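For this note's numbering, count along the sequence shown from 1 and bump the result up by 143. All C-beta atoms in this analysis are idealised placements derived from N, C-alpha and C, irrespective of residue type, glycine included. Being a predicted model, the structure only gives us computed values, none of them experimental.
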Amino acid sequence: MGENPAKNHYAQLNQGEENEMEIFGYKTQGWRRVLCIAGYILSCGALLLLFYWKPEWDVWANCIRCSLEEADIVLLRTTDEFQIYSRKTVTWISVSALIKSRLENPSNVEEDSIFSKAIMKSSLQVKSIQVQKIRYVWNIYAKQFQKVGALEDDYSCSAIHTKFGSGLTYYEQNVRRLICGPNTIDVPVVPVWKLLIKEVLNPFYVFQLFSVCLWFAEDYMEYATAIIIMSLLSIFLTVYDLRQQSVKLHRLVESHNNIMVTVCRNKEGFQELESHHLVPGDMLVLKEGKMLLPCDAILISGQCIVNESMLTGESIPVTKIHLPQADNFKPWRMHCADDYKKHVLFCGTEVIQTKADDRGVVKAVVLRTGFNTAKGDLVRSILYPKPMNFKLYRDGLRFLMCLIAFAAIGMIYTVCVFALNGEDAGEVVKKALDIITIAVPPALPAALTTGIIYTQRRLKKKGIFCISPQRINICGQLNLVCFDKTGTLTEDGLDLWGLLPSERSSFQDIHIFPADHSLPWGPVLRAMVVCHSLIVLEGKIQGDPLDVKMFEATNWVIDDSGGHQIEGQESTHATLRPGPKASSAPVEGLIILQQFPFSSALQRMSVIAQEIGGEQQVFTKGAPEMVAMLCRAETVPSNFESQLLLYTAQGFRVIGLACKSLQEGKQSTDLTREEVESDLTFLGLLIMENRLKRETKPVLEELSAACIRSVMVTGDNIQTAVTVAKNAGMISPMNRVILVEANKIPGSFSASITWKALEENKSEDYGNLEHHSQTGGRIRLALGSDQYHFAMSGKSYQIVAQHFRHLLPKLLLNGTVFARMSPAQKSSLVEEFQKLDYFVGMCGDGANDCGALKVAHAGISLSEQEASVASPFTSRTPSIACVPELIREGRAALVTSFCMFKYMALYSTIQYLGVLLLYWQLNSFGNYQFLFQDLAITTVIGVTMSFTGAYPKLVPYRPPSQLISPPLLLSVVLNILFSLSMQIFGFVVVQEQSWYSKTNIHSACLSMNNHTDNSSSVSSLGLHGVRDEAHGQTDNGYKSYENTTVWLLSTINCLIVALVFSKGKPFRQPIYTNYVFILVLIGQLGICLFLVFADIEDLYSKMDLVCTPTMWRISMVIMLAVTLAVSFLVEEAVIENRSLWLLLKKTFQYHSKSQYKRLQRVLEQDSAWPPLNETFFSDSVAIPVERNMGGHSNPAFDSNEDAL
């Protein structure tokens, strides 16, 4: 039964957000409920179990559709490709006691708020649901469920100041507390019994329970007991692991759940209360000293310095400034644009310092509480991880479905054979059901899990921690890795290299650091002294490494001990004074009055500072291009761009400095950022050296050799980024870099995009562009190599995404450097690459890369913390050497999964074919025969096969990503045919032997002299016990020449396929390096050969084997040897023959279906791409500047890496 969205029955929850869901309204119907209860009883709970697995069926069976307003049950469905359903019961919150005591309707108090719109006037109740720890209430007027626990987004800056500036009343606070619930991120430790029940009700364990019951019914006690012990052990380990995670998460969040805080009550003054009583809109007073934040809050007065390492993984203190009192009606977040975070204090972060302003205390309005907070969101992402869509898991389910279909055919065959022979109906049913447990291996999920566990353990030894094990296999498919630059490819710390001062609109002599003499007193030195957000913490200067280096070069010191009188007011602002080694200054010191912190979106920071007893000045530092734009044109040197290019082209990081004097009598606090950062005077360029990490170049070369694309995504200058990319080997010296610039056309809605070759300093290396264009011929992108790389800025990327959407995939195909990218643009870029069917890895230092780390297929955070909540993988050593390591292990894990799938498919099929052959004679394998195959062979192989480590060299192609690939299917089908042929051959040929007797199982080993007709000892060779009169030996009915032949052949055949399928190179180490597995195989083969040749009566009797002539035993070994040789030869010469498959692909003109591959093929035919030195407008009119330029795909990454 599907869902047809009808009016009022259907709505969307969290529209446009990551956790968007569809919500459907249902009402429970009495008679349906009664019928379902009857069904539960009659089915002995099976129907209830089915409804537990399929909550949507439960709702459809028990309820009828209705509008959401009338609903008492809601059905939720995720809007992603998985469409996962969940069922929620609607609850009612009564606020009548509060309102009656107040004797007034709440709507008079907060007319615009969701709290008044949710209370039903007649019953004084609020209708609510709780989804993934977030509470939603029914808005009576909007007729929809709305999230509570957060301030509404539509408040303007001035509204927040006026409405919440003096705090909530006692009554308002109580109503909000009742509706929102407590401000706690409560992750209770899940009781063991709950975890146990949840684990036991897993479909896999239910299938095992069914199997075990069947085996007990057939007296197959030993294996049933072994499976019970293994399952209990597996359940115990899983429950223990889940319990440990639950305890860990509980401890992680409990610290901030109960903190004493001070709030301001409207008309009642300050009040101390426990943090779990806080509600959105409360006025929080931040006192001096360290404090852990129990909620998200907007700072409305004063300034704070916060440690946000819990959220970002970066322990650099962050300065937070108060929300401006803007008079416009824009929502506050829209008014602050990308920089709203600089006003927000996040839950779980630590306030290190508070600085009050003229208004006295530092105040913040509670923005979000509980699980709505930033920390709550992180905890929810751990509790409710996003399901991974990976072909392997989908194919795994299809594989199991195929085995079930296979089993169904066997069941029909079994019923026909046994029914036609007049067997008892109960026996027929048991035998038919037995086929399912043989064809579908119950140990498959456990075997696949062991491979991942071993890989996880190997990664941990190498300092790589994983919080999402299912992503390990996906790492084996990565073919593009995005790298942050600073701290990832280059050293974290910057060294101050030089200063290029500017005076009277021209650059002066460069000052190189470290110099013998200090910088002379002047505006540039003043800018370096004050333009930062450094603090003194426990006697040590802390902050951004760039700021620290810059400040230390001045030889000044921060005096944080006391305030200074400024215009008659006490100030707690930091004072900076000349140190002992500083150059002489005509001032006692400088005081920072106000800060506008660094913003990734604005690419700059500013401060208002004052000389003690002197005038106020503004100092700005940031991206040189941005700073120059804010300066008066006459103060910017005419050769600004060429000088900037000179240093960025050498890989230096360049910072622009500017200043201006403030008019007297103007209060600094009254000025907006726009007013402060305008009409500046350009002061010069600060040049920082950012060295490549030692391991960067070899790692990028290794990835390039393995045909894995490397892309740089950085917040730095584009020229610096291109130079670093060249130095690191990301861009070969023989390749041309094309700069893509997109700009909005002023006064219109259109935009332009231009392609131009990036100027090179070494013309002899790269050729002279003008010379080539004058020849009248087509310009070649790179001499003889036809390779090019695009570089673009975040601004251009944004404009291309908005106005030139059709060009974006083409640009991404060869885009290598993305500079001046904001965190949101980084995430967007990763998603755009994924849309082109790339498997994308993201490697960053965790600071501003959190979003990109989360959306990538494999996010790797270089953090010293053991596990960063921001990304699935964390490397303890801050080096990109972990990237190829992770890809190697991912490839090995993926290949191991395929080997395990193939082995399990063959093992179950071999056993299944053997049993079906014997069913033809109403025979089967004996219990000990099954036990030996299942436990001594397969279980041990399943555990040890995964021990093989990753191959140390990355090859230039990936393992197949799907089970349904032709080589893999062919391998399975051929080996099934080999096994079937051998078993049928043995089954038929044994009956043709001269010593064979269908009725006398001892005829083969009787002495020729004593050979007599044993027909008198005829007995039913069915499934009933018989007594052989000649030898007085009890036979349980399984013993026969066919049984012995088929069982010995199938058992050793399992060892053959285990050996053949245990691939080594190119993705895993050679099989002989897995000593445990080799020893196991040798041991098992020794036991099997012993069983073939030993003629120990008691052993044979126990194993239901019969004695056969030595020649027949040798014949069986020859059959097995031939099967091994053929199987091994086919696997090596056909299945693993990459050249053959590539030839077949070429012959049949098979092309990869990946979007990026299709695009590469299109662009290969397009001689006009890329249109160098042309400008396009968004209305698609092209203006050629010079002749078009021929372009081709990038052969370095054009590998034959698709799944064969």
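Buried/exposed call for residue i, threshold 16 Cβ in 10 Å
i, result
"R1256", "buried"
"F1041", "buried"
"R1031", "buried"
"E160", "exposed"
"D296", "exposed"
"P966", "buried"
"Q387", "exposed"
"E212", "exposed"
"L1120", "exposed"
"L677", "buried"
"W358", "buried"
"F947", "buried"
"V336", "The sequence given here places Trp at residue 336; Val does not occur at that position. W336 comes out exposed."
"Q1308", "exposed"
"N1143", "buried"
Alpha-carbon spacing of residue i relative to residue j, whole angstroms
i, j, result
"E758", "L805", "8 Å"
"P644", "A776", "16 Å"
"H152", "A293", "26 Å"
"V602", "P612", "For the record, residue 602 in the displayed sequence is Leu; it is not Val. The alpha-carbon atoms of L602 and P612 are separated by roughly 11 Å."
"A1035", "T580", "30 Å"
"K1096", "H419", "54 Å"
"V1133", "P1213", "38 Å"
"N616", "A551", "31 Å"
"T557", "L1059", "7 Å"
"L1351", "P584", "Here the chain comprises residues numbered 144 to 1347, so residue 1351 is not present and cannot be evaluated."
"V404", "S726", "46 Å"
"V461", "L950", "38 Å"
"F982", "Q651", "49 Å"
"I1023", "I596", "23 Å"
"S661", "C674", "18 Å"
"N886", "K840", "34 Å"
"F347", "R879", "56 Å"
"A849", "E1274", "24 Å"
"N401", "L435", "10 Å"
Residue i vs residue j beta-carbon contact at 8 Å
i, j, result
"A934", "L972", "no"
"D538", "I1278", "no"
"K197", "V233", "no"
"T897", "H932", "no"
"F258", "V318", "yes"
"K692", "L637", "yes"
"V505", "A440", "no"
"Y1050", "M1088", "no"
"C490", "K463", "no"
"M1259", "F1128", "no"
Sheet register partners of residue i (DSSP bridge)
i, result
"P721", "W699"
"N886", "S895"
"Y931", "R879"
"V280", "S271 and Q289"
"Y195", "Paired residues: none, contrary to the question."
Residues near residue i in its chain [Cβ-Cβ closer than 8 Å; skip 5 each side]
i, result
"G765", "F741, L745, Q746, R747, M748, I798 and G799"
"A995", "C625, V856, P966, K969, S970, L972, V973, M985, G987 and G1002"
"Q753", "I709, L733, I734, L736, Q759 and Q760"
"F1220", "I1084, T1087, M1088, F1090, T1091, S1205 and I1214"
"E1185", "L1060, L1061, Q1064, N1066, F1130, V1133 and Q1134"
Residues near residue i in its chain [Cβ-Cβ closer than 6 Å; skip 5 each side]
i, result
"R176", "N205"
Own chain, CB closer than 7 Å to residue i, minus 5 neighbours either side, in chain order
i, result
"F976", "L623, L955 and V983"
"Q1076", "Q1054, T1194 and C1197"
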